[in-house]
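A.B. asks:
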Amino acid sequence: MPIDKVNFLIDNNIVNKQSNYNTNNIDFSNIIKEKLDKLNEKQLDAENKTIELIKGDAKDIHEVMLTVEEARLSLELAVQIRNKLVEAYQEINRIQV
Numbered sequence: 001m002p003i004d005k006v007n008f009l010i011d012n013n014i015v016n017k018q019s020n021y022n023t024n025n026i027d028f029s030n031i032i033k034e035k036l037d038k039l040n041e042k043q044l045d046a047e048n049k050t051i052e053l054i055k056g057d058a059k060d061i062h063e064v065m066l067t068v069e070e071a072r073l074s075l076e077l078a079v080q081i082r083n084k085l086v087e088a089y090q091e092i093n094r095i096q097v
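Numbering of the sequence shown is given in full-length UniProt numbering, commencing with residue 1 and proceeding in unit increments.
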């Protein structure tokens with residue numbers, strides 16, 4: 001990557017953006033719980049929109065399909081994160097002290 005592209009990222013504050021989390025009070029379990037709650041909301045929203053579509057109340061099938069696909073991808077991502085966490089846990093257990 002040419003240096004001018006890196007400078008563009010730095011000048012536009014793309015690289016140095018701060019997260020919304022306060023770095024002093026990060027608790028891994030709270031972050032996981034928050035993300036799982038959002039995942040659950042997406043799943044429930046997709047279910048409700050699907051039910052509306054089945055009943056004939058949905059006005060836009062495109063919106064329903066986007067919501068369902070977003071929920072599916074979110075669930076797939078959560079499963080992959082869980083798999084990586086399980087792999088990391090198993091690797092730590094294999095370490096001999």
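All residues carry an ideal CB built from backbone N, CA and C; glycine is no exception.
All values derive from a computational prediction rather than experimental measurement.
Suppose you measure from the CA of L75 to the CA of V97; what does that come to, to the nearest Å?
C.D. replies: As a first step, residue 75 must be located in the sequence shown, where it is residue number 75. As a first step, residue 97 must be located in the sequence shown, where it is residue number 97. Going by the C-alpha atoms only, they are around 36 Å apart.
A.B. asks: Are K49 and A71 close, meaning C-beta to C-beta below 7 Å?
C.D. replies: For the purposes of this step, residue 49 is identified with residue 49 of the sequence shown, where counting begins at 1. For the purposes of this step, residue 71 is identified with residue 71 of the sequence shown, where counting begins at 1. Cβ atoms of K49 and A71: not closer than 7 Å.
A.B. asks: What does a CB cutoff of less than 8 Å around K35 pick up in its chain, not counting 5 residues either side in sequence?
C.D. replies: Stepping through the sequence shown from its first residue, residue 35 is reached at position 35. Same-chain partners within the cutoff: A78.
A.B. asks: Since D27 is in the alpha helix (DSSP H), which residue starts that stretch and which ends it?
C.D. replies: As a working mapping, residue 27 is identified with position 27 in the sequence shown. Taken as a continuous stretch (DSSP letters only), D27 belongs to no alpha helix (DSSP H), as it is neither H nor E.
A.B. asks: Could you tell me the alpha carbon to alpha carbon distance between D45 and Q80, rounded to whole angstroms?
C.D. replies: Residue numbering aside, residue 45 sits at position 45 when the sequence shown is read from its first letter. Residue numbering aside, residue 80 sits at position 80 when the sequence shown is read from its first letter. Cα to Cα, the separation comes out at about 22 Å.
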